[in-house]
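Just so you know, the sequences run in chain order U and X.
Mind the numbering: the first sequence is residues 56 to 167 in my numbering, read in order.
Mind the numbering: the second sequence is residues 69 to 179 in my numbering, read in order.
The beta carbon of each residue, even a glycine, is placed where N, CA and C say it ideally should be.
What follows is a single structure, written as structure tokens, with notes after it.
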Amino acid sequence: DAGVIQSPRHEVTEMGQEVTLRCKPISGHNSLFWYRQTMMRGLELLIYFNNNVPIDDSGMPEDRFSAKMPNASFSTLKIQPSEPRDSAVYFCASSHEGLPGTFGSGTRLTVV
Amino acid sequence: QKEVEQNSGPLSVPEGAIASLNCTYSDRGSQSFFWYRQYSGKSPELIMFIYSNGDKEDGRFTAQLNKASQYVSLLIRDSQPSDSATYLCAVNYGGYQKVTFGIGTKLQVIP
């Protein structure tokens, strides 16, 4: 099992650019979570999907953030336009019923 | 606003000692409680979960839950330098999938 796969591992972009983060969950898992981690705010749940359907996006900071899950094996988190305050590590996690999930390695985003 | 409070540390303990990590939460309706370990630059890894009042033991780790006091703790016996990491307390709200994390406590085990 390859675990949860995220790409890219690192992303440096200029303010105002569009950023797309990608996630492949563990096969057979039916729940997918996007988290953001910063030193000041810790680990925050942005959105989660159950059976490819967005269930709760109340953690998405603003309209610049959007997430999709077109099928059971792929999800994206898009930021458009990006701002320096979006700099953080973004984690994707997946699970099968119950536990909060197995985390991917994360994408370290730097917006300059 | 659902709160999960942890002392950010660092908590320093000598090798072989017991490390005690603490967490309080605000919502009395919470049902599930989790401890994650996160090494520097790595992703969080689930190490313990507990649902019922009392203690749950797994090897050198013991999770303790007191719902009346809204308090959950993690004890690490015979601490090793490899236990040095940040320990995140997580509590579910509004269904098992919606989880709030504490800021984490950094543990340093001194050889």
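| Query | Result |
| --- | --- |
| State the DSSP-derived secondary structure class of U/Arg-140, mapped to helix, strand or coil. | helix |
| So with CB distances below 8 Å, who are the chain U contacts of X/Val-177? | Chain U residues near X/Val-177: none, gap ~22 Å exceeds 8 Å. |
| Where does X/Asp-151 sit, in a helix, a strand or coil, going by DSSP? | helix |
| Going by alpha carbons, who is nearest to U/Thr-162 out of U/Gly-114, U/Asp-141, U/Ala-57? | U/Asp-141 |
| Pull up the CB-CB distance for X/Glu-113 and X/Thr-92, whole angstroms please, since I reckon it's below 8 Å. | Wrong, their Cβ atoms sit about 23 Å apart, outside the cutoff. |
| Consult DSSP for X/Gly-122 and reduce its assignment to one of helix, strand or coil. | strand |
| When you compare the CB of X/Leu-133 with every CB in chain U, is at least one pair closer than 9 Å? | no |
| Within the continuous beta strand (DSSP E) that includes U/Ile-110, where are the two ends? | 108-111 |
| Can you find a CB in chain X that lies within less than 9 Å of the CB of U/Asp-111? | yes |
| Looking at chain U, is there any beta carbon in it that lies within less than 9 Å of the beta carbon of X/Pro-112? | yes |
| Taking only beta-carbon positions, decide if X/Gly-170 is within less than 9 Å of chain U. | yes |
| Rounded to whole angstroms, what is the Cα-Cα separation between U/Leu-132 and U/Leu-76? | 5 Å |
| Is X/Ile-86 helix, strand or coil by DSSP? | coil |
| Give me the Cα-Cα distance between U/Val-108 and U/Trp-89, rounded to the nearest whole angstrom. | 13 Å |
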